[in-house]
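As structure tokens, the structure follows; a few thoughts come after it.
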Ligand SMILES: Cc1cc2nc3c(=O)[nH]c(=O)nc-3n(C[C@H](O)[C@H](O)[C@H](O)COP(=O)(O)OP(=O)(O)OC[C@H]3O[C@@H](n4cnc5c(N)ncnc54)[C@H](O)[C@@H]3O)c2cc1C
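Following this line, the structure appears as structure tokens:
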């Protein structure tokens, strides 16, 4: 039993901290507040930040060196996520966090050579084409087809809720190659968005931004050399992606939550209610649960660092951090009152924290990457072995 | 980063589990809880002494097992799992107090507790709530201890009491005619609380200041130990529930196939596993005397308290009518955790302690 970072890991943290101090010119919240920055501009900032990180070897930290990574472990990767919370999020987050591990596990050497370096540098930004209008939680109901065309395939159908689709260059797609085989008839393709037969339409979210969108395919080319795994192996690969999407992210979220709770405590101190018993109890529970979340996160990290792939236990972490983020944001909107409802660029808004955005976003995290209900299904079936109806 | 138990603790876990499954499945331990005056089996405790479990946390030079805080958590978790009756944790805490007092008589009592020959127990509280009081009413004066302590867990079975007084920590051997103890039956029928009126000869072991320092350390261990017990109680209760969900039928199907019950079972599991993370991280911090230990122990105790009440309460609900019978076991778990929420630093006090540890 050991919940500590090693000396080398501490060293890594200190160097990174120094690097960030030198290289991060403006905290992300300042960029968000700047009226000159529209969504396009903000995404460009994320791209150039990613390029900077890449040059200094801070992307793919836990990937093998031969794939442009730093050759360290998930622990250092988590340390990075925790230290960089005030920096812009990288542009190809979906690529690096989700597709990357899938390529390392399942792709051919040529495919890795072709795609990983540009994914890391941010030259090519990726989005995830899994969900469809009639296939969300029930992902295997997907209907986008890949029809053979000579050696290659042509795509017909539609994806939806595709995060970053409006800014992406490539999409990884689950497509049906056999209509009669629910799981075995799905194949995993890497598809360029810059081609005929593709249309991307932004969708406006409850925050007013259009971070996600729809992707329509009408005869778009999916090359055989860009098929990952064999024909019909898509479901297996999708499961790898989802496991990485669900697990191992706790420490990054924790660093945010540390910052948020600190802001909440400052806020109630300023508004004079910190000594009220009801306020203290609420804050104490948020503090306690945050430590439990950290313990869960360290535990997952320890498992991953020992070389095991994330299993159904990843559902525990997903449920815990996502539902905690709702409780934390709701707590702030309650204890800080309308001050926490102010939009980031409004007069009187809290200088270091965008609670309004966080409160809205916290309603998304329990839906994507497998909703809270789906996670509970996974736990009850795969861990508790409760019978199907 | 490593979550697995080391080899020694893994071995400890297997051996204590084997012992408890053989000696005290609930079918055997419920008569101890329900039909004996002491509420536990003295023979079994003597055996725990012989096997070295009673001196678990003490150093080898004190005749202990040097299993550390993590080892203690392992054993208590297993005890919780079978709702093991009696004052095991209280004895450990009394030992931890004795070994911090440099005193010859204390050392002798320590040895006798470790070997299971004597029960030394702490008598500290003077009120039934867990609110902070400015001073103790019990006094030490001219080799006599006078005052009333309540509740004292398993106090009627004590051979020696370690009594907190306004003057410091006192050692009070059981008088010839026994304690003036009034039993305080509570919601948890397995528990044996008494109120003890003292007007007895005894010795002062340390002054007040030193006693406070010692007991602060012991309190951390108590809170951690209670958290580990509650973790085990959740495990035992969830195991009962899962068996029942897979066997009971309604509307022509096993009730465990109803999604609403599956999700409730999943929530129980989430609470239990998160408690496990919290307990062992806190145990690790305490074992290594890290600064964050006070936050982590308070967090573990508060979180396990909330979680154990939830989990063990859900068990009763998911059993339906039989869950409300004396005959079935869910109430054993539920009652134990209700008491543990209040003891070893109530949830409310732990929440406040967590805040204060962060300067809030
Ligand atoms: C902000 C955001 C970003 C996203 N980004 C992406 C992306 O980049 N790429 C991508 O492919 N997808 C993305 N998604 C889509 C996301 O994965 C789906 O929304 C999600 O899988 C749910 O599917 P659905 O929307 O069709 O809802 P449905 O599946 O229709 O679910 C509706 C409700 O029913 C519940 N439900 C469904 N099935 C069950 C069941 N078996 N048992 C119990 N309850 C059930 C759900 O939990 C939910 O509450 C994103 C979603 C959001 C909100």
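Chains as they are written, first to last, in the working numbering: chain F, 145 to 533; chain X, 660 to 1019.
Quick reminder that beta carbons are idealized off the backbone N, C-alpha and C, glycines included.
Considering only beta carbons, the part of the stretch 929 to 945 of chain X lying closer than 9 Å to chain F consists of 929, 932, 933, 934, 935, 936, 937, 938, 939, 940, 941, 942, 943, 944, in chain order. Around the beta carbon of residue 912 (chain X), fewer than 16 other beta carbons sit within 10 angstroms, so the residue counts as exposed. Not a single CB atom of chain F sits nearer than 8 Å to the CB of residue 854 (chain X). The residues 270, 271, 272, 307, 308, in chain order, have a CB closer than 7 Å to that of residue 238 (chain F) in the same chain once the five nearest residues on each side in sequence are set aside. Under the Cβ criterion of 8 Å, residue 925 (chain X) is counted among the residues facing chain F. One finds 432, 435, 436 in chain F with Cβ atoms closer than 7 Å to the Cβ of residue 958 (chain X), taken in chain order. DSSP places residue 720 (chain X) in the helix class (H, G or I) of the three-state scheme.
Three or more pairs of CB atoms, one per stretch, sit closer than 8 Å, so the stretch 1009 to 1017 of chain X contacts the stretch 951 to 968 of chain X. Residue 832 (chain X) has X:819 as its beta-bridge partners, per DSSP. When C-alpha distances from residue 806 (chain X) are compared across X:749, X:816, X:836, X:824, the shortest belongs to X:824. Take the alpha-carbon of residue 679 (chain X) and the one of residue 441 (chain F): they are about 32 Å apart. With contacts defined by Cβ atoms closer than 8 Å, residue 278 (chain F) and residue 287 (chain F) form a contacting pair. A straight-line Cα-Cα distance of about 35 Å links residue 893 (chain X) and residue 795 (chain X). Contact annotation: residue 274 (chain F) and residue 283 (chain F) have beta-carbon atoms nearer than 8 Å. For residue 758 (chain X), there is no enclosing beta strand (DSSP E), as DSSP gives it neither H nor E. Going by DSSP, residue 314 (chain F) is part of the beta strand (DSSP E) stretching over 314 to 320.
Residue nearest to residue 758 (chain X) within the set X:719, X:1008, X:1007, X:769 is X:769 (criterion: CA-CA distance). Assignment of beta-bridge partners to residue 746 (chain X) by DSSP yields no partner.
When rounded, the separation of the alpha-carbon atoms in residue 988 (chain X) and residue 451 (chain F) is 40 Å. Listed along the chain, the chain F residues whose CB falls inside 7 Å of the CB of residue 662 (chain X) are 145, 443, 446, 447. Apart from the 5 residues on each side of it in sequence, residue 497 (chain F) sits with its Cβ closer than 7 Å to the Cβ of 404, 407 in its chain, given in chain order.
Membership of residue 919 (chain X) in any beta strand (DSSP E) is not indicated; the residue belongs instead to the alpha helix (DSSP H) covering 918 to 946. If the five residues before and after residue 1008 (chain X) are omitted, its C-beta is found closer than 6 Å to the C-beta atoms of 789, all from its own chain and listed in chain order. Residue pairing by DSSP places residue 347 (chain F) opposite F:356 in a beta bridge.
Closer than 8 Å at the C-beta level to chain F, one finds no residue of the stretch 788 to 818 of chain X. Residues of chain F whose Cβ lies closer than 7 Å to the Cβ of residue 1013 (chain X) are, in chain order, 428, 431, 432. For residue 809 (chain X) against residue 781 (chain X), the beta-carbon gap comes to about 13 Å, at or over 8 Å, which does not count as contact. At the C-beta level, residue 305 (chain F) and residue 248 (chain F) stay beyond 8 Å of one another. Between the C-alpha atoms of residue 411 (chain F) and residue 468 (chain F) there is a straight-line separation of about 19 Å. In this structure, DSSP gives residue 371 (chain F) an extended state, which the three-state scheme calls strand. By DSSP's assignment, residue 827 (chain X) forms a beta bridge with X:824, X:866. Relative to ligand 1, residue 662 (chain X) has its C-beta separated by 7 Å or more from all heavy atoms.
The beta carbon of residue 938 (chain X) sits closer than 8 Å to those of 732, 736, 883, 886, 887, 890, 959, 963, all from its chain and outside the five residues before and after it, given in chain order. Nearest CB-CB separation between residue 439 (chain F) and chain X: below the 8 Å threshold. Following the DSSP letters along the chain, one finds residue 261 (chain F) inside the alpha helix (DSSP H) bounded by residues 253 to 265. Residue 241 (chain F) and residue 389 (chain F) have their alpha carbons spaced roughly 7 Å apart.
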